[in-house]
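Enquirer:
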Amino acid sequence: DQQVKQNSPSLSVQEGRISILNCDYTNSMFDYFLWYKKYPAEGPTFLISISSIKDKNEDGRFTVFLNKSAKHLSLHIVPSQPGDSAVYFCAASALGSDKLIFGTGTRLQVFP
Amino acid sequence: NAGVTQTPKFQVLKTGQSMTLQCAQDMNHEYMSWYRQDPGMGLRLIHYSVGAGITDQGEVPNGYNVSRSTTEDFPLRLLSAAPSQTSVYFCASSRGDANTEAFFGQGTRLTVV
Numbered sequence: 109d110q111q112v113k114q115n116s117p118s119l120s121v122q123e124g125r126i127s128i129l130n131c132d133y134t135n136s137m138f139d140y141f142l143w144y145k146k147y148p149a150e151g152p153t154f155l156i157s158i159s160s161i162k163d164k165n166e167d168g169r170f171t172v173f174l175n176k177s178a179k180h181l182s183l184h185i186v187p188s189q190p191g192d193s194a195v196y197f198c199a200a201s202a203l204g205s206d207k208l209i210f211g212t213g214t215r216l217q218v219f220p
Numbered sequence: 087n088a089g090v091t092q093t094p095k096f097q098v099l100k101t102g103q104s105m106t107l108q109c110a111q112d113m114n115h116e117y118m119s120w121y122r123q124d125p126g127m128g129l130r131l132i133h134y135s136v137g138a139g140i141t142d143q144g145e146v147p148n149g150y151n152v153s154r155s156t157t158e159d160f161p162l163r164l165l166s167a168a169p170s171q172t173s174v175y176f177c178a179s180s181r182g183d184a185n186t187e188a189f190f191g192q193g194t195r196l197t198v199v
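In the order they appear, the protein sequences are chains A and B. The numbering of the first sequence is our numbering, which starts it at 109 and goes up by one. The numbering of the second sequence is our numbering, which starts it at 87 and goes up by one.
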């Protein structure tokens with residue numbers, strides 16, 4: 109039973125445009141969300157996070173939006189760059205839990 | 087700065103063999119975890135540890151054992167390898183708990199034939 113879902117396995121975006129990666133979750137106890145980026149043959153690296161007490165968090169070109177009522181979060185990358193081409197994972201944890209649960213990932217390709 | 091080091095990087099095992107995947111971190115992190123990455127399945131938590139001497143099961147613990155005798159090391163043992171355990175394995179560590187930014191190793195690609 110996948111508690112964190114990324115329904116788009118892949119996304120292709122032109123350089124300079126906005127990339128929007130989506131993530132849905134089913135566990136209403138999740139209260140902290142993170143995005144990780146992964147290049148081939150490397151381990152994932154942390155990108156940005158958001159607590160459930162916020163609905164938006166911004167870090168440079170990256171913004172994460174959280175809609176608790178819809179159990180949905182999204183990662184916006186503006187403007188997209190070729191170096192952003194990677195697999196993006198969203199992850200979630202619940203208050204009092206020590207488990208970090210990842211989604212299935214979305215492969216982003218940014219073309220010139 | 088070594089960060090999180092995993093060995094080996096690649097391994098081929100025969101069905102029924104056992105082996106240990108090594109993971110070491112030099113950041114004095116309390117929290118460590120093991121994930122496996124499979125196509126279409128994302129990263130799935132196998133086992134985790136909140137400190138030396140403390141381990142717990144994740145989402146897919148069957149067929150794997152862990153121990154945490156020191157803060158630095160968190161080995162993952164495959165007791166009797168099966169083809170279903172063919173995967174890429176990642177070890178991660180973080181300063182605090184599951185909410186804290188995790189640092190991942192480069193992964194171990196395991197094939198069980």
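Cβ atoms here follow ideal geometry from the backbone N, Cα and C, with glycine treated the same way.
#1: Can you give me the C-alpha to C-alpha distance between Asn148 (chain B) and Pro169 (chain B), rounded to a whole angstrom?
#2: Ignore the nearest five residues each way along the sequence and tell me which others in Thr172 (chain B)'s own chain have a CB closer than 8 Å to its CB.
#3: Go through its chain and collect everything with a Cβ distance to Ser194 (chain A)'s Cβ below 7 Å, but skip five positions before and after it.
#4: Is the CB-CB distance between Gly144 (chain B) and Lys207 (chain A) below 9 Å?
#5: Quick one: residues in its chain with C-beta nearer than 6 Å to the C-beta of Gln108 (chain B), no 5 flanking neighbours on either side, listed in chain order?
#6: Between Arg130 (chain B) and chain A, is the shortest Cβ-Cβ distance under 9 Å, so that the two count as touching?
#7: Can you tell me whether Asp112 (chain B) is helix, strand or coil according to DSSP?
#8: To which residues of the same chain is Gly193 (chain B) closer than 8 Å at the C-beta, ignoring the five residues directly before and after it?
#9: Exposed or buried, Asn114 (chain B), counting other C-beta atoms within 10 Å across all chains shown (16 or more means buried)?
#10: By the criterion of Cβ-Cβ separation under 7 Å, what are the contact partners of Asn185 (chain B) in chain A?
#11: Between A:Pro117, A:Asp109, A:Phe210, A:Arg125, which lies nearest to Pro187 (chain A) when the distance is taken from Cα to Cα?
#12: Ignore the nearest five residues each way along the sequence and tell me which others in Ser155 (chain B)'s own chain have a CB closer than 8 Å to its CB.
#13: DSSP beta-bridge partners for Met105 (chain B)?
#14: In chain A, which residues lie with their C-beta within 7 Å of the C-beta of Phe96 (chain B)?
#15: Across which residues does DSSP place Val87 (chain A) in a beta bridge pair?
#16: Terminal residues of the continuous beta strand (DSSP E) containing Gly168 (chain A)?
Expert: The short version:
#1: In the second sequence, the residue the question calls residue 148 (chain B) occupies position 62. In the second sequence, the residue the question calls residue 169 (chain B) occupies position 83. Rounded to whole angstroms, Asn148 (chain B) to Pro169 (chain B) spans 14 Å at the Cα level.
#2: Residue mapping note: residue 172 (chain B) aligns to position 86 of the second sequence, counting from 1. Within the same chain, Thr172 (chain B) has close Cβ partners Leu196, Thr197, Val198.
#3: As a first step, residue 194 (chain A) must be located in the first sequence, where it is residue number 86. Reading off the sequence, residue 194 (chain A) comes out as Ala, not Ser. If we look at Ala194 (chain A) and ignore the five residues flanking it on each side, its Cβ neighbours are Lys145, Lys146, Tyr147, Leu216.
#4: Locating residue 144 (chain B) in the second sequence gives position 58, where the first residue counts as 1. Locating residue 207 (chain A) in the first sequence gives position 99, where the first residue counts as 1. Yes. Within cutoff.
#5: Within the second sequence, residue 108 (chain B) is the residue found at index 22, counting from 1. Once the five neighbours on either side are set aside, the close Cβ partners of Gln108 (chain B) are Thr93, Pro161.
#6: Position 44 of the second sequence, counted from the first residue, corresponds to residue 130 (chain B). By this cut-off, Arg130 (chain B) is an interface position.
#7: Taking the first residue of the second sequence as position 1, residue 112 (chain B) is located at position 26. Reduced to three states, the DSSP call for Asp112 (chain B) is coil.
#8: Counting from one through the second sequence, the residue named residue 193 (chain B) turns up at place 107. The answer, listed in chain order, is Gln92, Lys95, Gln123, Val174, Tyr175, Phe176.
#9: Counting from one through the second sequence, the residue named residue 114 (chain B) turns up at place 28. It counts as exposed.
#10: Translated into the one-based positions of the second sequence, residue 185 (chain B) becomes position 99. Correct list: Tyr140, Ser201.
#11: Residue numbering aside, residue 187 (chain A) sits at position 79 when the first sequence is read from its first letter. Here the closest residue by C-alpha is A:Arg125.
#12: Here residue 155 (chain B) is taken as the residue at index 69 of the second sequence, counted from 1. Closer than 8 Å at Cβ, skipping near neighbours: Ala138, Gly139.
#13: For the purposes of this step, residue 105 (chain B) is identified with residue 19 of the second sequence, where counting begins at 1. Looking at the DSSP assignment, Met105 (chain B) forms a beta bridge with B:Leu164.
#14: One-based indexing of the second sequence puts residue 96 (chain B) at position 10. Ordered by position in chain A, no residue passes the 7 Å Cβ test against Phe96 (chain B), which lies about 11 Å from the chain.
#15: Because chain A is modelled from 109 through 220, residue 87 (chain A) falls outside the range shown and cannot be assessed.
#16: Along the first sequence, read from residue 1 onward, the residue named residue 168 (chain A) stands at position 60. Here Gly168 (chain A) belongs to no beta strand (DSSP E), and DSSP marks it neither H nor E.
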